[in-house]
Amino acid sequence: MTTTDAPALHETGMNLSTGDNVLVNDRERALTVTGQHSRERRKKYRRAAGDYTVIELEGNGTEYHLLCWTNASHGPMLYMQRDWERTKTETGDERYEYPRGGTRVETITVT
390 MTTTDAPALH ETGMNLSTGD NVLVNDRERA LTVTGQHSRE RRKKYRRAAG DYTVIELEGN
450 GTEYHLLCWT NASHGPMLYM QRDWERTKTE TGDERYEYPR GGTRVETITV T
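By the count of our numbering, the sequence shown reaches residue 500 at its end, each step adding exactly one.
Below, the structure is given as structure tokens:
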């Protein structure tokens, strides 16, 4: 099933399970879901409250993060490992920052 509607893309992403294989946009090789975690959504200059879900993917030796949230008017964002920075919080928890632009997801196909 291929999903293209923005809210449905986010819902599809949040409903993925470990081991699922997905094709994102025009990729020819599927990415495999390896896990997921939630994260608080914070924006410096815009109001953007609430949590989002980070779907952890792997394919062709590269890690990816698919960021999904509710009430979105555009598709989720897909980031390659080189697009994020891994940091530690004051409590020692691992945190990801996404300072570089990712790719807007326009289609998700669960294979």
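Even glycine gets a Cβ: it sits at the ideal position worked out from N, Cα and C. Treat the numbers as computed from the prediction; the structure is a model and nothing was measured.
Please return the same chain residues whose Cβ sits closer than 6 Å to the Cβ of residue i, not counting the five positions on each side in sequence.
i	result
P465	L398, H399, G402, L455, L456, C457, V494
E447	T421, T423
T492	L467
R489	D472
E474	E486
Which stretch, first to last residue, makes up the alpha helix (DSSP H) that contains residue i?
i	result
L398	395-403
Going by DSSP, name the residue or residues bridged to residue i.
i	result
E407	Checking the sequence, you will find Thr at residue 407 rather than Glu. BP columns for T407 are empty, so no partner.
T500	None; T500 has no bridge partner.
T423	DSSP lists no partner for T423.
Going by beta carbon distance, what residues of the same chain come within less than 7 Å of residue i, once the five residues before and after it are set aside?
i	result
R428	D440, Y441, V443
T407	V422, T423, G424
M469	T451, Y453
Y418	According to the sequence as given, residue 418 is Arg; it is not Tyr. Contacts found: G448, N449.
Grab me the residues of residue i's own chain with a C-beta within less than 8 Å of its C-beta, minus the 5 sequence neighbours each way, in chain order.
i	result
R436	Unreliable positioning characterises R436 in this predicted model, as indicated by a pLDDT of 47, which lies under 50. A coordinate reading is not provided.
A501	Since the displayed the chain opens at 390 and closes at 500, residue 501 lies outside it and no answer follows.
H426	T442, V443, E445
Item checked: 3 or more residues per run - each beta strand (DSSP E) lying fully within the region 446-496 -> Fully enclosed beta strand (DSSP E) runs of 3 or longer: 451-457, 466-469, 474-477, 483-486.
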